Amino acid sequence: MINITLPDGAVRQYEKGVSPLDVAKSISEGLAKKVLAANINGQVCDASRPINEDASLKLLTWNDADGQMTFWHSSAHLMAEAVESMFPGVKFWVGPALENPKGFYYDMDLGDRKMTEEDLAALEKRMNELAKKNSSYVRKEMSKDEAVKYFSEKGDEYKLDLLSNLNDGEITFYTQGNFTDLCRGPHIPNTSFIKAIKLTSIAGAYWKGNENNKMLTRVYGVTYPTQKELDEHLAMLEEAKKRDHRKLGKELGIFTMDDDVGPGLPLWMPNGTIIIEELEKLAKETELAAGYKRVVTPHIAKESMYLTSGHLPYYADSMFPPMEMDGEKYYLKAMNCPHHHKIFDAEPRSYKDLPYRIAEYGTCYRYEQSGELFGLMRVRCLHMNDAHIYCTKEQFAQEFKAVNDMYLKYFKIFGVEKYVMRLSLHDPAKLGEKYINEPELWLETEELVRSVLIETGVPYVEVKGEGAFYGPKIDVQIWSAIGREFTLATNQVDFAQGRRFKLSFTNQHNQPEVPLIIHRAPLGTHERFIGFLLEHYAGKFPLWLAPVQVKVLPISDKFIDYARAVSDKLKKADIRSEVDDRNEKIGKKIRDTELMRVPYMLVVGEKEMNENKVAVRRQGKGDAGVKTIDEFLTEAVGEIKERSSE
RNA sequence: GCCGUUGUAGCUCAGUGGUAGAGCACUUCCUUGGUAAGGAAGAGGUCAAGGGUUCAAUUCCCUUUAACGGCUCCA
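Counting in our numbering, the first sequence runs from 21 upward without gaps.
Set out below in structure tokens:
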């Protein structure tokens, strides 16, 4: 007999070789019907896997993330079976489950054949038929020789490639119905669990994610144990589309794109410009308080500067091509750093001048590949909340920490709760290629940054091969309300450019010394940050950011003059106010103003005019009662000043 | 850049081998209405651009371009 410990701490005794499914049955038949997989001693396995010694066991159902992942991975195999029946001879690469977006995909090589969107419907139908066959997922171990022989005969170079990284004892096959695949598992007991299927899209994907490799066909899908859950999932995706910053940006008059201007070059409309200006105001206040000085630099510079900085060899492809003038090549700047370094270098510096912090909302141009452009999130003209801090090694930790604190302050203002700081390190294998060839300096600065992160106690992860070419960086990963993850901001250490630009300050011993440089951009770029805010707030900007803060809605023409008087009074207090003087009924005016996400509506008619009052309505919350103009004004001014998020 | 899809009025979208339609928005008129759509009339389109097939192309074919879903890349 062996002891099985369940998550609640209960210990039950079973015969050796008992499976998690047996354990479930011994608890209740109902539970057994829901078990998708099991977690044995921390390892996710098939529910049919025999347990031969004392173990802790958690039965995994649809309510467990691991249960869902197993379900989706098994769905990928089901899809592969359907694909193989419709495209005989297809070769498969890998088919993992996905957490975000939910579901799974399978990469495959269809040879000369092509799969189209129409095939997806047929595939879904086939999958449904196959699922109903109630085929078990059967695990089989195989020796490496045997497996290599099997796939050599099949001529499957993809599976042979996978096998080359595996050893005897690690090789298992899974079969369900007519489909067999090399797979680590685990899988759900059988296909009948899969009741609702949606193949969402078809796309190309480079083999092993390398653009020099062949492009495989990738099919994405998602499955659920019930149709209801699938429908809910699809409805949620529809909801997410409504929050898409591209849709909201158009509806709210934030930005526009134009074919004649060019791809990736957003035009900021008046409403978007107000948000830009409010953000800059916030940045300027914050940076002034933190001891930064502001500078302004040109949008172009000569080639020689980018040779000095070392950017050209690394960046040339993502810079707009140079323009020639008087025998000189000029580039549009893709980053502000070199210009700022020149400002540092313009005057002799003493250690007494450090840290020297200069900031600018710098306009940069990057020739992003056409396929990478994405709304405001990836553009070719961007306005960066940039600053550079020149400091001594001794000052570094404190400066770096101060920058981190600034991030946290901003997150609080904007209500960003989900974020991770990603410590991006160099990849020793790519020194001299993607990274400046200074192995010791890399390790030294990486350790400096790591220790600051540990000291501040912010959540962070380390990732190799994501550093800037001149030093390690912290990328701030955030998630928009619709689950889109992206790098919002970056905070980088630079040990290379100081020397390249021959920057120096005179230290206490009257010796020249090269400063360390911190690059930072807590608010990222206007483009990406406003794109994020649109989705984050679903267009319902807090009062201080709202393009139109107050709309005064006269009940009829007779009250337009009063409405204008109210609006003028608000404007004098720097409140962005407008009057809806259209010949429309109040219901229509309210509806339109609600849809434009104007935070406050002031309804004025006979009663209000006679009493010098306004009937306040808060966007999304309805009637907020009648107030005197001054009462409302005081409250609104306070809310704006606080940058309150409500 | 690569794979795939799409491009019709300001917006959302129908439609057709014989030079186009709806709803909303817009303009004018009627209406002066109290918390999410009052009524009528009108105006608005080189059907993304270029080329080809055809008596005839917005429709079929090719190229280009842009957007979208991914891959790669990135703030």
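Here a beta-carbon is modelled for each residue, glycine too, at the ideal position from N, C-alpha and C.
Fair warning: this is a prediction, and the values are worked out from it, not measured in the lab.
Inset, instruction - Please list, in chain order, all residues of the same chain as T81 whose beta carbon is under 7 Å from its beta carbon, the five residues on each side excluded. - result: Here the set comprises K54, V55, L56 and G87.
Legend entry - Among S212, Y226 and D188, nearest to Y178 - alpha-carbon criterion: That would be Y226, whose Cα lies nearest to the Cα of Y178.
Legend entry - Anticipated Cβ contact below 8 Å, R540 with V423, distance rounded: Between V423 and R540 the Cβ distance is about 5 Å, and since that is below 8 Å, they are a contact.
Inset, instruction - Indicate whether K560 and M621 have their beta-carbon atoms separated by less than 9 Å. - result: No. Outside cutoff.
Legend entry - Coil, strand or helix - R146 by DSSP: Under the three-state reduction of DSSP output, R146 falls in the helix class.
Legend entry - Reduced DSSP category for L308 - H, G, I as helix; E, B as strand; rest coil: Three-state DSSP puts L308 in a helix.
Legend entry - Contact under 9 Å by Cβ, G272 with R617: The sequence shown places Leu at residue 272, rather than the Gly named in the question. Closer than 9 Å, so yes.
Legend entry - Option nearest E173 by Cα separation, candidates G109, I538 and I208: It is G109.
Inset, instruction - Report all residues from its chain with a CB closer than 8 Å to the CB of Y350; omit the five preceding and five following residues, and keep chain order. - result: Counting only Cβ-Cβ distances below 8 Å, and skipping sequence neighbours, we find I320, A321, K322, E323, P342, M343 and E344.
Legend entry - Contact set for H556: own chain, Cβ-Cβ below 8 Å, skip 5 residues either direction: Closer than 8 Å at the Cβ level, and outside the excluded window around H556, lie F434, G435, V436, S500 and A501.
Inset, instruction - Report the residue ranges of all beta strand (DSSP E) runs contained in full by the region 168-220; include only those spanning at least 3 residues, in chain order. - result: Correct list: 192-196 and 199-202.
Inset, instruction - Give the straight-line distance between the Cα atoms of Y387 and M441, rounded to the nearest whole angstrom. - result: Our two residues, Y387 and M441, have alpha carbons roughly 27 Å apart in a direct line.
Legend entry - Element boundaries [beta strand (DSSP E), containing W499]: K493 to W499 is the extent of the beta strand (DSSP E) around W499.
Inset, instruction - Determine the burial state of P532: buried for a count of at least 16 other Cβ atoms within 10 Å of its Cβ, exposed for fewer. - result: Around the beta carbon of P532, a 10 Å sphere encloses fewer than 16 other beta carbons of the protein chains shown; the residue is thus reported as exposed.
Inset, instruction - Go ahead and label T670 buried or exposed: buried means 16 or more other beta carbons lie within 10 angstroms of its beta carbon, across all protein chains shown. - result: Outside the modelled stretch of the chain, which goes from 21 to 666, sits residue 670, for which no answer is possible.
Inset, instruction - Can you give me the start and stop residues for the beta strand (DSSP E) that S597 sits inside? - result: Per DSSP, S597 belongs to the beta strand (DSSP E) from S597 to V599.
Legend entry - Selection from H97, L615, A558 and D650 that minimises the alpha carbon distance to V239: Nearest of H97, L615, A558 and D650 to V239, Cα basis: H97.
Legend entry - CB contact flag (Y427, A379, <9 Å): Their beta carbons are not under 9 Å apart, which means Y427 does not touch A379 by this criterion.
Inset, instruction - Can you check DSSP and say which residues form a bridge with Q639? - result: DSSP, once it has assigned bridges, lists no residue as partnering Q639.
Inset, instruction - Tell me whether P40 is buried or exposed, calling it buried when 16 or more other Cβ atoms sit within 10 Å of its Cβ. - result: By the 10 Å Cβ count, P40 comes out buried.
Legend entry - Integer-rounded CB distance, given that L396 should sit under 8 Å from P286: At roughly 6 Å, the Cβ-Cβ gap stays under 8 Å, so P286 and L396 are in contact.
Legend entry - Local conformation of V469 per DSSP, three classes: Reduced to three states, the DSSP call for V469 is helix.
Legend entry - Sub-9 Å separation of K438 and I494 beta-carbons: For K438 and I494, no; Cβs fall outside 9 Å.
Legend entry - Simplified DSSP assignment, three categories, for I575: DSSP, reduced to helix, strand and coil, places I575 outside both helices and strands of the structure shown, so it counts as coil.
Legend entry - Limits of the alpha helix (DSSP H) - the one that T90 falls within: A85 to M106 is the extent of the alpha helix (DSSP H) around T90.
Inset, instruction - Rank R159, K153, L180 and A151 by C-alpha distance to the C-alpha of D165 and give the top, closest one. - result: Closest option to D165, Cα to Cα, is L180.
Inset, instruction - Output the distance between the C-alpha atoms of R520 and T328, rounded to the nearest integer angstrom. - result: Their backbone Cα atoms lie some 6 Å apart in a straight line.
Legend entry - Boundaries (first-last residue) of the beta strand (DSSP E) holding S76: Per DSSP, the unbroken beta strand (DSSP E) holding S76 starts and ends at A75 to L80.
Inset, instruction - Inspect the CB distances between the region 406-422 and the region 546-553 and report whether three or more fall short of 8 Å. - result: In short, these stretches do not touch, since the Cβ pair count stays below three.
Inset, instruction - Whole angstroms is fine: what's the gap from F394's alpha carbon to G284's? - result: So the two alpha carbons sit approximately 8 Å from each other.
Legend entry - Minimum C-alpha distance to R32 - residue among C65, L77, H265 and N511: It is L77 whose Cα lies nearest to the Cα of R32.
Legend entry - V399 versus T507: straight-line alpha-carbon distance, rounded: Looking at the two C-alpha atoms, the distance is approximately 14 Å.
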